[in-house]
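Numbering (our numbering), first residue to last: 13 to 278.
Quick notes on the structure that follows.
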């Protein structure tokens, strides 16, 4: 058994998830790869095992299917070697509300929101009892700019950010590490599924999946909670967060703000 424990990565058959599996294995973690595509999972597992000499298990599951999601939850609850969860599985959309199929949007909510929530609920109690563990949630820059792409996608990723912010507060001082990663445009199959091929995007916007994951892990190593690999000026995020924190004490009051009462006829 690896002294660093086991990392579970969802959406691990390709793209960002596959790179996370590779990098965490290189760091000495055993890995469990979770995804729908059994053939690609098997290929990934063989390559990682041969290259890094760690234990590699595959778990073929569609996280939009409630029964299969529960099976992954059971794994997270019952395997006491698990030390890292990377909630990466998900998909997006680039079309407008009226262009998008509502059933497909419901699937997006299931995997981007429900699966993230349930898998985190499954693993957090064990991490808390142990006083150690790492949860990495992959959000998106659309969490703070939901008008950039499909609105349902933006809403789901805003959930991931908000959920992570709340968890960070709850888990402070427990030894459990919480990180949320906000990728910008990344060169993966995501864009084909979203209906906007990546070669149609300005190439100055598009980061490689390897660079994205390496930057995210660098952020994790330095203790960052929010990591935005594409944001060149980190002070912009700090100012955004400072403004949010400044508003928090003032968002609830028994008194109506004067701007809503000035000039109102009696």
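C-beta atoms are modelled at their ideal positions from N, C-alpha and C, and glycine is treated no differently.
Bear in mind the structure is a predicted one, so any value in this text is a computation, not a measurement.
{"Item": "Suppose the cutoff is 6 Å on Cβ atoms and the five residues either side in sequence are ignored; what does the same chain contact list for residue 89 look like?", "Value": "134"}
{"Item": "Would you mind sorting residue 32 into buried or exposed? The rule is 16 or more other CB atoms within 10 Å of its CB.", "Value": "buried"}
{"Item": "In angstroms with no decimal places, state the Cα-to-Cα distance between residue 235 and residue 86.", "Value": "29 Å"}
{"Item": "Distance, Cα to Cα, residue 116 vs residue 105?", "Value": "9 Å"}
{"Item": "Report buried or exposed for residue 190, applying the criterion of at least 16 other Cβ atoms within 10 angstroms of its Cβ.", "Value": "buried"}
{"Item": "What's the C-alpha gap between residue 198 and residue 143?", "Value": "34 Å"}
{"Item": "Is residue 260 helix, strand or coil by DSSP?", "Value": "helix"}
{"Item": "Would you identify the three-state DSSP class for residue 191, choosing helix, strand or coil?", "Value": "strand"}
{"Item": "For residue 194 versus residue 153, is the C-beta spacing smaller than 8 Å?", "Value": "yes"}
{"Item": "Which stretch, first to last residue, makes up the beta strand (DSSP E) that contains residue 71?", "Value": "68–72"}
{"Item": "According to DSSP, residue 22 sits in a beta bridge with which residue or residues?", "Value": "46"}
{"Item": "Might you give, ordered along the chain, the residues of its own chain that have their beta carbon closer than 7 Å to the beta carbon of residue 196, omitting 5 neighbours on each side?", "Value": "153, 217, 219 and 242"}
{"Item": "Since residue 145 is in the beta strand (DSSP E), which residue starts that stretch and which ends it?", "Value": "145–150"}
{"Item": "What number of angstroms, rounded off, separates the C-alpha of residue 113 from the C-alpha of residue 161?", "Value": "15 Å"}
{"Item": "Determine which residues share a DSSP beta bridge with residue 220 and list them.", "Value": "199"}
{"Item": "The beta strand (DSSP E) with residue 94 in it runs from where to where?", "Value": "94–99"}
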